[in-house]
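Position 135, counted from 1, in the sequence shown is what our numbering calls 135; the numbers after and before it change by one each time, with no gaps.
Idealized CB from N, CA, C, for every residue including glycine.
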Amino acid sequence: MLLHAAKYPHCAVNGLLVAEKTKEKKKDSHSEPVLCVDCVPLFHGTLALAPMLEVALTLIDTWCKENNYVIAGYYQANERTKDSRPNQVAEKVAARICENFSEAAIVMVDNSRLTISCFEPIVVIYDHHENKWKNREVTPESFEDWSEAQKITSALLEGRSYENLIDFDNHLDDLRNDWTNPVINKSVLDLC
1 MLLHAAKYPH CAVNGLLVAE KTKEKKKDSH SEPVLCVDCV PLFHGTLALA
51 PMLEVALTLI DTWCKENNYV IAGYYQANER TKDSRPNQVA EKVAARICEN
101 FSEAAIVMVD NSRLTISCFE PIVVIYDHHE NKWKNREVTP ESFEDWSEAQ
151 KITSALLEGR SYENLIDFDN HLDDLRNDWT NPVINKSVLD LC
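Quick look at the structure:
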């Protein structure tokens, strides 16, 4: 997410959050926190082109099924620095994700707090309750291993890894561009 926002600081960016598929739970059981294992950068600039979004969602859903993943959420960084609220596009895409994954969330990047050091979480998370998207409190404890994530993110930003990031826009411009970002994924694994 942050690499996508860093690559296109002058544009709004969006993408999908991916989690490992888990077994079906009973309705009465308490839900475990969702652990997102990857994200897929979608678009920069114009976020609401329906035909491109449909193609992206279909292709990414197929990829998720092949890899035992599920689309678990939607992320967005707005164009305006001080705007970290979900817009209509974010809510519509996230509602569609909710149809297949009831615990889906919207993660909004707070551009006003984006720095290379990433000392604190700079996201605002929205959960779907009673047909509305409601803001959830975000602390370092909201993440499985915040300090490790912070170190990796800082190293990737300092190393300008965002220059290698391929979003779905780039893929549609040239199909040889791999939207699964194997170069960045390898960099993350090397830093772990």
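Query: Spatially closest choice to LEU2 from SER142, ASN87 and ASP167, by CA coordinates; Result: ASP167
Query: Start-end ranges of the alpha helix (DSSP H) lying completely within the stretch 67-136, minimum 4 residues; Result: 88-100
Query: ASP190 in three-state terms, based on DSSP; Result: helix
Query: Three or more C-beta pairs below 8 angstroms linking the stretch 146-159 and the stretch 114-129; Result: yes
Query: The stretch 183-190 in contact with the stretch 57-75 per 3-pair CB rule at 8 angstroms; Result: no
Query: Identified DSSP bridge partners for ALA19; Result: CYS36 and VAL70
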